[in-house]
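Numbering (our numbering), first residue to last: 58 to 224. Quick reminder that beta carbons are idealized off the backbone N, C-alpha and C, glycines included. Keep in mind that this is a model prediction, so the values were computed, not measured. What follows is a single structure, written as structure tokens, with notes after it.
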């Protein structure tokens with residue numbers, strides 16, 4: 058074997074070695090990422106505003122909803138069907154706007170449900186807003202979820218997450 062053939066063979070082996078190392082690093086990265094997503098099933102990267110869910114303190118199983126990919130976080134015991142009825146109602150009343158939110162949470166409690174809705178705090182003390190939230194609670198109880206519902210309004214700012222029950 059000539060000297061140039063030996064050099065070419067060494068270069069090919071080194072190139073192959075670098076390719077194999079690169080592939081192993083890529084495989085390692087995807088393995089670690091997969092384990093992370095398996096251990097955190099409540100995080101769905103396909104939902105564009107899942108980071109907002111953590112900002113608001115929302116928990117549960119994220120469910121994309123609607124054409125704009127709004128998010129409904131389902132607490133334990135909340136079925137997809139119940140979450141869809143909840144989302145359909147919110148869409149019907151034009152809740153999903155840039156002023157309010159595209160992310161909500163529905164939880165089940167011993168008496169019925171807790172609906173966490175994002176609203177800017179500047180509205181919270183308005184008598185009209187308080188009445189509107191009361192009407193929303195009544196509609197959810199009577200026509201949508203068929204159990205008692207407590208609406209909790211949520212917002213966040215530089216001081217943290219704020220929640221309030223208005224009734």
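Delimiting residues of the beta strand (DSSP E) encompassing residue i
| i | result |
| --- | --- |
| residue 150 | Run containing residue 150: none; DSSP gives neither H nor E here. |
| residue 45 | This structure gives no information on residue 45, because the portion of the chain shown stretches from 58 to 224. |
Nearest to residue i (by Cα), restricted to the options the options
| i | options | result |
| --- | --- | --- |
| residue 131 | 199, 172, 146 and 188 | 172 |
| residue 126 | 212, 141 and 136 | 141 |
| residue 217 | 206, 167 and 113 | 113 |
| residue 166 | 219, 134 and 128 | 134 |
| residue 212 | 129, 139 and 181 | 181 |
| residue 197 | 128, 150, 159 and 214 | 150 |
| residue 215 | 193, 178, 203 and 208 | 178 |
Cβ-based burial, residue i [other Cβ within 10 Å; buried from 16]
| i | result |
| --- | --- |
| residue 120 | buried |
| residue 162 | buried |
| residue 168 | exposed |
| residue 164 | buried |
| residue 188 | exposed |
| residue 102 | A caution first: residue 102 carries a pLDDT of 38, below 50, which makes its placement in the model unreliable, though a value can still be read off. Exposed, because fewer than 16 other Cβ atoms sit within 10 Å of the Cβ of residue 102. |
| residue 183 | exposed |
Residue i vs residue j beta-carbon contact at 7 Å
| i | j | result |
| --- | --- | --- |
| residue 146 | residue 206 | no |
| residue 210 | residue 176 | yes |
| residue 191 | residue 224 | yes |
| residue 144 | residue 122 | yes |
Where the alpha helix (DSSP H) containing residue i begins and where it ends
| i | result |
| --- | --- |
| residue 196 | 184-196 |
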